[in-house]
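Visitor: Let me give you the structure first, and then I'll get to my questions.
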Amino acid sequence: MESILYTENLTRKFKTGTTTVTALNAVNVQIEPGKLTMLRGRSGSGKTTLINLLGALDSPTEGKVFFEGKEISNWNDGQRGKLRRKKIGFIFQSVALISSMTAYENVEFALRIAGYPRSKRRARAEQCLELVGLGKRMKHRPIELSGGEQQRVAIARAIAHKPQIIFADEPTAELDSIMGLQIVKLFKELVAKENITIVMTTHDPSMMEVADKVYTLEDGVVVDE
Numbered sequence: 188m189e190s191i192l193y194t195e196n197l198t199r200k201f202k203t204g205t206t207t208v209t210a211l212n213a214v215n216v217q218i219e220p221g222k223l224t225m226l227r228g229r230s231g232s233g234k235t236t237l238i239n240l241l242g243a244l245d246s247p248t249e250g251k252v253f254f255e256g257k258e259i260s261n262w263n264d265g266q267r268g269k270l271r272r273k274k275i276g277f278i279f280q281s282v283a284l285i286s287s288m289t290a291y292e293n294v295e296f297a298l299r300i301a302g303y304p305r306s307k308r309r310a311r312a313e314q315c316l317e318l319v320g321l322g323k324r325m326k327h328r329p330i331e332l333s334g335g336e337q338q339r340v341a342i343a344r345a346i347a348h349k350p351q352i353i354f355a356d357e358p359t360a361e362l363d364s365i366m367g368l369q370i371v372k373l374f375k376e377l378v379a380k381e382n383i384t385i386v387m388t389t390h391d392p393s394m395m396e397v398a399d400k401v402y403t404l405e406d407g408v409v410v411d412e
């Protein structure tokens, strides 16, 4: 199966004063379409740096990133921004919902930003909230929702504009293990129902058995897959 996303010797270095820190060193990964891929590793292993490079939020110091066969690592900010709006979705550890908006309004607002057709926004926002099991909670604001429900709103928001790939950075870190596993199982359902590719980072070993593929990072290097 052809990869939707792959890297060639991806390296990212950061300068702090006179010191250079290598966060990633010659990393090669292949992300297959319609699969749930996990990047595992302890804090500081480089997995968030990798997800930022894969998701076109950052540029590598050396090496290349290819998305749908095109090299995106040398694109400018405008090109990368357009790619993120159209084809990529993000889910963060802190759900980053707009507190004054209801669950429905948070999802609909994301569709507006993505330029989704106005006539189809309501139906799509409601469909996504139904998909994540929040059909009866869409008029509630974040403060009225549990942590797991807030994360589900964030997922609905991320999938709303029908991206090809979603990046989830430690999406279960602030949830208990039962709720965390429910979120990962939801990811698996979305991969099947929406034909989405999902890449998530985690340090929780209990999540691994649900993944289609796992890359383990240590000190900026892939040590196992």
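Following our numbering, the numbering of the sequence shown begins with 188 at its first residue and continues without gaps. Ideal placement from N, C-alpha and C gives every residue a C-beta, glycine not left out. Since we're looking at a predicted model, the values are computed, not measured.
Would you mind listing the beta strand (DSSP E) stretches within the segment 323-372 that are 3+ residues and don't spill past its ends, in chain order?
Guide: 352-356
Visitor: Should the segment 324-335 be regarded as contacting the segment 244-253, the criterion being three or more beta carbon pairs within less than 8 Å?
Guide: no
Visitor: Quick check: what's the CA-CA separation for T359 versus S393?
Guide: One-based indexing of the sequence shown puts residue 359 at position 172. One-based indexing of the sequence shown puts residue 393 at position 206. Each residue's Cα considered, the two are about 11 Å apart.
Visitor: As a quick exercise: from D391, I352 and D399, pick the residue whose alpha carbon is nearest that of L270.
Guide: Here the question's residue 270 lines up with position 83 in the sequence shown. Measuring from the Cα of L270, the nearest candidate turns out to be I352.
Visitor: Could you give the distance in angstroms between the alpha-carbon of D406 and the alpha-carbon of R305?
Guide: Here residue 406 is taken as the residue at index 219 of the sequence shown, counted from 1. Here residue 305 is taken as the residue at index 118 of the sequence shown, counted from 1. Taking the straight line joining both Cα atoms gives about 46 Å.
Visitor: What would DSSP say about Q217, mapped onto helix, strand or coil?
Guide: Taking the first residue of the sequence shown as 1, we reach residue 217 at position 30. Q217: strand per DSSP, three-state reduction.
Visitor: Out of F253, E317, A398 and F201, point me to the one whose CA is closest to T236's CA.
Guide: Taking the first residue of the sequence shown as position 1, residue 236 is located at position 49. Minimum Cα distance to T236 is reached at F201.
Visitor: Would you say the segment 225-242 touches the segment 377-395, given that touching needs at least three Cβ pairs under 8 Å?
Guide: yes
Visitor: On a Cα-Cα basis, can you pick out the residue from N215, R339 and L284 that is closest to L368?
Guide: Residue 368 sits at position 181 when you count from the first residue of the sequence shown. Answer by Cα proximity: R339.
Visitor: Rounding to the nearest angstrom, what Cα-Cα distance links V409 and S287 in this structure?
Guide: Within the sequence shown, residue 409 is the residue found at index 222, counting from 1. Within the sequence shown, residue 287 is the residue found at index 100, counting from 1. Roughly 41 Å separates the two Cα atoms.
Visitor: Cα separation between T403 and A290?
Guide: Locating residue 403 in the sequence shown gives position 216, counting from the first residue. Locating residue 290 in the sequence shown gives position 103, counting from the first residue. Cα to Cα, T403 sits roughly 34 Å from A290.
Visitor: Smallest Cα separation from S364: which of A345, G334 and I342?
Guide: As a position in the sequence shown, residue 364 is number 177, starting the count at 1. It is G334 whose Cα lies nearest to the Cα of S364.
Visitor: Nearest to E292 by CA position, among S260, I275 and A343, is which residue?
Guide: What you label residue 292 is simply residue 105 of the sequence shown in a count that begins at 1. Closest by alpha carbon: A343.
Visitor: Taking A347 and C315 to be in contact with their CB atoms under 8 Å, please state how far apart those CB atoms are, rounded to whole angstroms.
Guide: As a first step, residue 347 must be located in the sequence shown, where it is residue number 160. As a first step, residue 315 must be located in the sequence shown, where it is residue number 128. Rounded, the Cβ-Cβ distance is 5 Å, consistent with contact.
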